[in-house]
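K.L.:
Okay, so the sequence shown: first residue is 110 according to the numbering used here, each after it adds one.
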Amino acid sequence: MKILITGASGLLGRSVFSQLSANPAFDVTGTAFSRAGENLRRLDLTDSAAVADMLREIQPQVVIHCAAERWPDRCAENPDAAWQLNVQSTERLAQLCRDTGAQLVYISTDYVFDGSAPPYSADDEPNPINFYGRSKLAGEQAVLGNGDHWVLRVPLLFGPVTYLRESGVTALLETVRDPQAVTLDDWAIRFPTSVEDVARVLEQCLLKTAVGAHLGGIYQWSGDTACTRYQLARVVAETYGLSADHLSGDPAPQYNEPRPYNCQLDKSRLTDMGIEAGEPLTQQLARYLHPFL
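1) What does a CB cutoff of less than 8 Å around Val125 pick up in its chain, not counting 5 residues either side in sequence?
2) With DSSP as the reference, label Asn195 as helix, strand or coil.
3) Going straight from the alpha carbon of Gln193 to that of Cys206, what length do you get?
4) With 16 as the cutoff for other CB atoms within 10 Å, does Pro301 come out buried or exposed?
5) Can Pro262 and Ile327 be called in contact, C-beta distance under 8 Å?
6) Measuring CB to CB, does Pro227 end up less than 8 Å from Cys372?
7) Among Asp182, Trp259, Thr380 and Val270, whose alpha-carbon lies nearest the alpha-carbon of Tyr220?
8) Quick one: what's Trp330 bridged to in DSSP?
9) Would the region 198-214 count as touching the region 250-259 if we require 3 or more Cβ pairs under 8 Å?
10) Going by DSSP, name the residue or residues bridged to Phe267.
11) If you draw a straight line from the alpha carbon of Asp153 to that of Glu166, how long is it in whole angstroms?
12) By Cβ distance, which residues of its chain are closer than 7 Å to Leu282, with the 5 residues on each side in sequence left out?
13) Quick one: Cα of Ser130 to Cα of Gln363, how far?
14) Quick test of your reading: Val71 and Leu202, contact by CB under 8 Å. State the CB separation rounded to the nearest angstrom.
15) How far does the alpha helix (DSSP H) with Asp162 in it extend, from its first residue to its last?
16) So, helix, strand or coil for Thr427, using DSSP?
17) If you measure between the beta carbons of Thr292 and Ser357, is that distance less than 8 Å?
18) Check the C-beta distance from Val196 over to Ala158 and give it rounded, since I have them as a contact under 8 Å.
19) For Thr217, write down the residues that DSSP places opposite it in a beta bridge.
20) Please tell me whether Ala353 and Ala342 are closer than 8 Å, where the distance is taken between their beta carbons.
21) Quick one: give me the first and last residue of the alpha helix (DSSP H) that Leu351 is part of.
22) Taking DSSP's pairing of strands, which residues face Thr140 in a bridge?
23) Nearest to Thr279 by alpha carbon, out of Gly383, Ser127, Arg150 and Thr391?
24) Quickly, what does DSSP pair His399 with across the bridge? List them, please.
25) Which residues share a DSSP beta bridge with Asn371?
26) Relative to the C-alpha of Cys314, which residue among Ile298, Ala386, Gly146 and Ser127 is closest?
27) From what residue to what residue does the alpha helix (DSSP H) around Asp182 run?
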């Protein structure tokens, strides 16, 4: 199976590229824009002609679309660029995949929900409350409306990082190590999810399609540990025996962009198919943070 991955230099894309490339069942091409090079081809997703040329050259059966603007505050600060990448480029990619016979897998977010009535099934009505969520929902609609494609929604991601602030989860090690008193969000409930787990989920899904299964519509995956940012920082501290005395929780934080309260995703549509992945959050954190200690 020939697979093309967009955003293969990013937090999620790197793990997806690594996981699938290691499987002899797949012939994988990774693309990136600003960080292309080595094993990754340069591709500007806003250049429709370049995307069409790449699809004609590679002729993938599957395109996994990991590229996105994934930081809510950055989306709000530069909405035109975020909309172009998350929606317009995604729509054109979906159309080109349809026309060349490739199935597009679009990575979306739990932020398509407002967080008021968890857990959310894949069939629940979305109601995003910030620009990032609206852009990703529009991306979902563009994908599902332009071919036999499917969507995988995931929540807050973390994993092997090149620098701590590449994920809001691993960035907490800096917060814990800095002795200056700090107050952290102790209201919004998140479900930190390993990009390596997401990569394994995608691998299992593709192996099923390789033997005749059909995937379509919307699927969801999530880690199982619920925690606020404050609680997660304490987990990071406990994992390494660091002091958390300088940390305090804010039960009513003020955001630049609104955040949903609890967007817990129901992943039963995948688990019912026998898809599985996961290990304890503390074990994952210890592995990913170890290089920075």
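Glycine is no exception: its CB is placed at the ideal position from the N, C-alpha and C atoms.
P.N.:
Reading off the structure:
1) Here the question's residue 125 lines up with position 16 in the sequence shown. Cβ within range, chain order: Ile114, Ala117, Ile173, Cys175, Val304, Val307, Ala308 and Leu311.
2) Counting from 1 along the sequence shown, the entry for residue 195 is found at position 86. Helix, per DSSP.
3) Your numbering for residue 193 matches position 84 in the sequence shown. Your numbering for residue 206 matches position 97 in the sequence shown. Whole-angstrom Cα-Cα distance: 18 Å.
4) For the purposes of this step, residue 301 is taken as residue 192 along the sequence shown, with counting starting at 1. By the 10 Å Cβ count, Pro301 comes out buried.
5) Translated into positions along the sequence shown, residue 262 becomes position 153. Translated into positions along the sequence shown, residue 327 becomes position 218. Position check: residue 262 holds Arg in this sequence, whereas Pro was assumed. Result yes, Cβ atoms of Arg262 and Ile327 sit closer than 8 Å.
6) Here the question's residue 227 lines up with position 118 in the sequence shown. Here the question's residue 372 lines up with position 263 in the sequence shown. Yes, the pair counts as a contact, with Cβ atoms nearer than the cut-off.
7) If you number the sequence shown from 1, residue 220 lands on position 111. The residue with the shortest Cα to Cα distance from Tyr220 is Asp182.
8) Working through the sequence shown from its first residue, we reach residue 330 at position 221. In DSSP, Trp330 forms no bridge with anything.
9) In this structure the region 198-214 lies against the region 250-259, because at least three pairs of beta carbons, one per stretch, are closer than 8 Å.
10) Position 158 of the sequence shown holds residue 267. Ser303.
11) Stepping through the sequence shown from its first residue, residue 153 is reached at position 44. Stepping through the sequence shown from its first residue, residue 166 is reached at position 57. Using only the alpha carbons, I get a separation of about 15 Å.
12) On the sequence shown, residue 282 is found 173 positions in, with the first residue counted as 1. Same-chain partners within the cutoff: Leu273, Val345, Leu398 and Phe401.
13) Counting from 1 along the sequence shown, the entry for residue 130 is found at position 21. Counting from 1 along the sequence shown, the entry for residue 363 is found at position 254. Approximately 42 Å between the Cα atoms of the pair.
14) Coverage of the chain is limited to positions 110 through 402, which leaves residue 71 absent and any answer about it impossible.
15) Mapped onto the sequence shown, residue 162 falls at position 53. Asp162 -> alpha helix (DSSP H) spans Ser157 to Ile167.
16) Residue 427 lies beyond the stretch modelled for the chain, which goes from 110 to 402, so this question has no answer here.
17) The residue you call residue 292 lines up with position 183 of the sequence shown. The residue you call residue 357 lines up with position 248 of the sequence shown. Cβ atoms of Thr292 and Ser357: closer than 8 Å.
18) Stepping through the sequence shown from its first residue, residue 196 is reached at position 87. Stepping through the sequence shown from its first residue, residue 158 is reached at position 49. Incorrect: roughly 19 Å between the Cβ atoms, too far for contact.
19) For this step, residue 217 is matched to residue 108 along the sequence shown. According to the sequence provided, residue 217 is Ser. The question's Thr does not apply to it. According to DSSP, Ser217 shares a beta bridge with Arg262.
20) For the purposes of this step, residue 353 is taken as the residue at position 244 of the sequence shown. For the purposes of this step, residue 342 is taken as the residue at position 233 of the sequence shown. Yes, Cβ-Cβ distance for Ala353 and Ala342 is below 8 Å.
21) Translated into positions along the sequence shown, residue 351 becomes position 242. Element bounds for Leu351: n/a, residue is neither H nor E.
22) Translated into positions along the sequence shown, residue 140 becomes position 31. Its beta-bridge partners are Arg150.
23) For this step, residue 279 is matched to residue 170 along the sequence shown. Among Gly383, Ser127, Arg150 and Thr391, the Cα nearest to that of Thr279 is on Thr391.
24) Your numbering for residue 399 matches position 290 in the sequence shown. Answer is none; His399 lacks a bridge partner.
25) Indexing the sequence shown from 1 puts residue 371 at position 262. Residue pairing by DSSP places Asn371 opposite Ile298 in a beta bridge.
26) Here residue 314 refers to the residue found at position 205 of the sequence shown. Checked all of Ile298, Ala386, Gly146 and Ser127; the closest Cα to Cys314 is Ala386.
27) Working through the sequence shown from its first residue, we reach residue 182 at position 73. Annotation for Asp182: the continuous alpha helix (DSSP H) segment containing it runs Pro181 to Glu186.
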